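Student: Submitted below is the structure of interest, expressed as structure tokens.
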Amino acid sequence: MTTSAQALHDVVATFVEGLVASGIRHVSACPGSRSTPLAIEFARRRDIKLWMHLDERSAAYFGLGLAKALRQPVALLATSGTAAANFFPAVVEANLARVPLVVLTGDRPHELRDNGAAQTIDQLRLFGSHAKWFFDLPEPDGSPEQSQFAATLAARAVATAQAAPAGAVHLNWPFREPLIPAPTPHVETISPVAVHHARLAPSVETVANLTDAMERSPRGIIVVGPEDADPNFADAVTCLAARAGYPVLADALSGVRCGDRDRSLVVDTYDAFLRGDFGPELELVMRFGAVPTSKPLQQYLEAQRQARRIVVDPAGWRDPSNAATDVVHADPSLLCEALAGSLTEHGETEWAAQWQRVNTAARRAIDAHLSETHELFEGKVISLLGELLPDDAVVFAGNSMPIRDLDTFLARSEKRLRCLSNRGANGIDGVVSSAFGASAAGHGRVVLVIGDLSFYHDLNGLLAARRHGLDLLVVLINNDGGGIFSFLPQAEAVSEHFELLFGTPHGLDFRPFVEGHGGRFQRIGNWSQFTDAVTRGLQAGGLQVIEVPTERTRNVAQHRAVWRAVAEALQPAGIA
Ligand SMILES: Cc1ncc(C[n+]2csc(CCOP(=O)(O)OP(=O)(O)O)c2C)c(N)n1
Ligand SMILES: [Mg+2]
11 MTTSAQALHD VVATFVEGLV ASGIRHVSAC PGSRSTPLAI EFARRRDIKL
61 WMHLDERSAA YFGLGLAKAL RQPVALLATS GTAAANFFPA VVEANLARVP
111 LVVLTGDRPH ELRDNGAAQT IDQLRLFGSH AKWFFDLPEP DGSPEQSQFA
161 ATLAARAVAT AQAAPAGAVH LNWPFREPLI PAPTPHVETI SPVAVHHARL
211 APSVETVANL TDAMERSPRG IIVVGPEDAD PNFADAVTCL AARAGYPVLA
261 DALSGVRCGD RDRSLVVDTY DAFLRGDFGP ELELVMRFGA VPTSKPLQQY
311 LEAQRQARRI VVDPAGWRDP SNAATDVVHA DPSLLCEALA GSLTEHGETE
361 WAAQWQRVNT AARRAIDAHL SETHELFEGK VISLLGELLP DDAVVFAGNS
411 MPIRDLDTFL ARSEKRLRCL SNRGANGIDG VVSSAFGASA AGHGRVVLVI
461 GDLSFYHDLN GLLAARRHGL DLLVVLINND GGGIFSFLPQ AEAVSEHFEL
511 LFGTPHGLDF RPFVEGHGGR FQRIGNWSQF TDAVTRGLQA GGLQVIEVPT
561 ERTRNVAQHR AVWRAVAEAL QPAGIA
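At position 249 of the sequence shown (counting the first as 1) the number is 259 in this note's numbering, and the numbers step up by one without a gap.
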């Protein structure tokens, strides 16, 4: 008979061993008593990096950003009660954005549930349908059977989080006091489970069918929405485009716009030019990834009811306009490779050349307009960052206008820029923490572009800078409220209550918050100050915040002026 302390240790240590064997290397956690056995085990191990935070909401988003940047599953750990509930928004985001997380919560044993015990809430299926899988473990009893089970469960949890579509799994651990495990590790000799993940290859029939459709449809396009899970996809899809003679409309978050590969068919200004007259009738649309960020692109695609509309996705159903004629469940890279192998070489088509002429003219118009824009403008922030950032930098875009401006103003380039954003549920919460998580991956300098309300929402996340010695360059677009709402019909329809309900100005000075967290804060007043601040901020480490003050109403007029400039540039040349 093992003591309860030994039993606790044996089962928990074996479980953690199983997590490590399955590839978990990072845990984002917060303090608490009920989660002690797991916390001690994570702290003890040298092959796990434990990121301790104080606020569970920030901790969960930090883990999310880390998993996203690493393209690897990350574990979260919280104690019982509302601590666990604070993981909720990040779990929702992970599930929709397909980011693998293994969420671990400490809980009371069964005899202390639903009977008034302290800090005890119903944690069973706490995250509802937002967690891909839930399991409530038994209290550790130290039996060899249970240890083997714990190891198997660890492997299954990680594998389930990773399996397409990736997402969050939740394991709830009931622990009976005393919560201090025996000091001597006694990891059962367990047989680790090797999980073999297969990539879903398209069938021969599917490839033949789609090849035939593409051959018969010279007026086709490829649309790549937000998706960052497979680093090989960008090459695969550009090869397919070249073979088919199709333009590739690449979202800023697609991973296809930037990098050292053939970009001659990549179209990056569609958000601007699709607002004007150009928008030819299509015969075929092949869509990869999540729904594109650009509303004009979404509307253009929705109008193409005559076209064959093919959505490629290994799992799930991402077609909010219910417009797909075909849903192809296959690994995107494998499908691109198979189709490229079976299509006749089309070379440079007049169709693709027409899209490129429009794209080039639109880009020139945007660049010319921006070079004459001397006042501060949110869109120009993105275009300048595209020029200033070094290879391998990561741009983390906040929701609301930053991600839209990234999509409109980030030009395709050979620079290896990676763009990330929380586009699963489009929350303005947890963005600072997600960006710190991306920084913790250590893959490149992370630059966060974020609005003032989103920044305010996650001021707690700033603690990660000093606590973990992480670098983050923040470009804070401060228009004193929700700038996006000025673009919506609400701006005119309810103008009387607009500021109260939507604009929500706060008048906050962010300097003391940033400096209080050991960061450097700089408010810029012109573009040369901006360029200097970014250049110096990239060299300096730690938390650097560059505030760009803008004005919401003016921002709408500035955006419209760009779109007008693009429309005008396309007309006289007869391009559109
Ligand atoms: C958690 C959450 N709360 C509310 C919203 C609704 N919302 C979308 S954008 C926005 C305003 C964001 O303001 P800011 O971050 O300053 O960006 P800006 O609109 O000025 O570009 C709000 C409140 C949301 N998406 N997520
Ligand atoms: Mg704002």
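All residues carry an ideal CB built from backbone N, CA and C; glycine is no exception.
Being a predicted model, the structure only gives us computed values, none of them experimental.
#1: With which residues is CYS429 paired in a DSSP beta bridge?
#2: Assess, as a yes-or-no matter, whether the stretch 190-209 is touched by the stretch 220-236 under the definition of 3 or more beta carbon pairs within less than 8 Å.
#3: Do VAL405 and LEU634 come within 9 Å of each other at the CB atom, strictly closer than that value?
#4: So which residues touch the region around ligand 2, with touch meaning a C-beta under 6 Å from any heavy atom?
#5: Have a look at PHE145, GLY42, ALA107 and flag the residue whose alpha-carbon is nearest the alpha-carbon of LEU91.
#6: I'd like the list of long-range same chain contacts for ALA244, defined as Cβ closer than 7 Å, with 5 residues on each side in sequence excluded.
#7: Given the structure, does PHE495 come close to ligand 1, in the sense that its CB is under 8 Å from one of the ligand's heavy atoms?
#8: From GLN133 to ALA300, what does the alpha carbon distance come to, in whole angstroms?
#9: Reducing DSSP to helix, strand and coil, say where SER14 ends up.
#10: Sorted by chain position, which residues of the same chain lie with C-beta nearer than 7 Å to ILE494's C-beta, five sequence neighbours on each side aside?
#11: Return the chain-ordered list of same chain residues with a C-beta closer than 7 Å to the C-beta of LEU518, the five sequence neighbours on each side being excluded.
#12: So ILE58 is in the alpha helix (DSSP H); what residue range does that whole segment cover?
#13: Measure the C-alpha to C-alpha separation of THR130 and GLY116 and round it to an integer number of angstroms.
#14: Rounded to the nearest angstrom, how far is the Cβ of ALA70 from that of LEU29, given a contact under 8 Å?
#15: Just the C-alpha distance for ASP462 and ASN489, rounded to the nearest angstrom, thanks.
#16: Take the Cβ of LEU510 as the centre, count every other Cβ of all protein chains shown within 10 Å, and call the residue buried at 16 or more, exposed below.
#17: Would you give the residue range spanned by the alpha helix (DSSP H) that TRP537 belongs to?
#18: Less than 9 Å between the C-beta atoms of ALA421 and PRO212, yes or no?
#19: Is the beta carbon of VAL338 sitting closer than 9 Å to the one on LEU259?
#20: Can you tell me which of ALA445, ARG166, PRO154 puts its alpha carbon nearest to the alpha carbon of PHE144?
#21: Pick out the complete beta strand (DSSP E) segments inside the stretch 118-162, 3 residues or longer, and give them in chain order.
#22: Based on the DSSP output, what are the partners of SER343 in its beta bridges?
#23: According to DSSP, is ASP270 part of a helix, a strand, or is it coil?
#24: Using a threshold of 8 Å, is the CB atom of HIS36 nearer than that to any non-hydrogen atom of ligand 1?
#25: Which whole-angstrom value is the C-beta distance of ARG455 and LEU344, which I expect to be below 8 Å?
#26: Consult DSSP for TRP183 and reduce its assignment to one of helix, strand or coil.
#27: Please work out which residues of its chain come closer than 8 Å, Cβ to Cβ, to MET11, disregarding the five sequence neighbours upstream and downstream, and give them in chain order.
#28: Between PRO191 and ALA15, which are expected to be in contact by the criterion C-beta below 8 Å, what is the C-beta distance as a whole number of angstroms?
#29: If you measure between the beta carbons of HIS379 and ALA575, is that distance less than 9 Å?
Tutor: According to the structure shown:
#1: VAL405
#2: no
#3: Residue 634 cannot be examined here, being either before or after the span of the chain that is shown, 11 to 586.
#4: GLY461, ASP462, LEU463, ASN489, GLY491, GLY492, GLY493
#5: First, the amino acid is wrong: residue 91 is Gly here, not Leu. Minimum Cα distance to GLY91 is reached at GLY42.
#6: GLY265, VAL266, GLY269, ARG271
#7: yes
#8: 31 Å
#9: helix
#10: SER410, MET411
#11: TYR466
#12: Element bounds for ILE58: n/a, residue is neither H nor E.
#13: 10 Å
#14: 17 Å between Cβ atoms; not a contact.
#15: 7 Å
#16: exposed
#17: 537-549
#18: no
#19: no
#20: ARG166
#21: 141-146
#22: None, per the DSSP bridge assignment.
#23: coil
#24: no
#25: That belief does not hold up - the Cβ atoms of ARG455 and LEU344 are roughly 33 Å apart, past 8 Å.
#26: strand
#27: Summary for MET11: the model assigns pLDDT 40, below 50, so the residue's position carries little reliability, and this model does not support an answer.
#28: 6 Å
#29: yes
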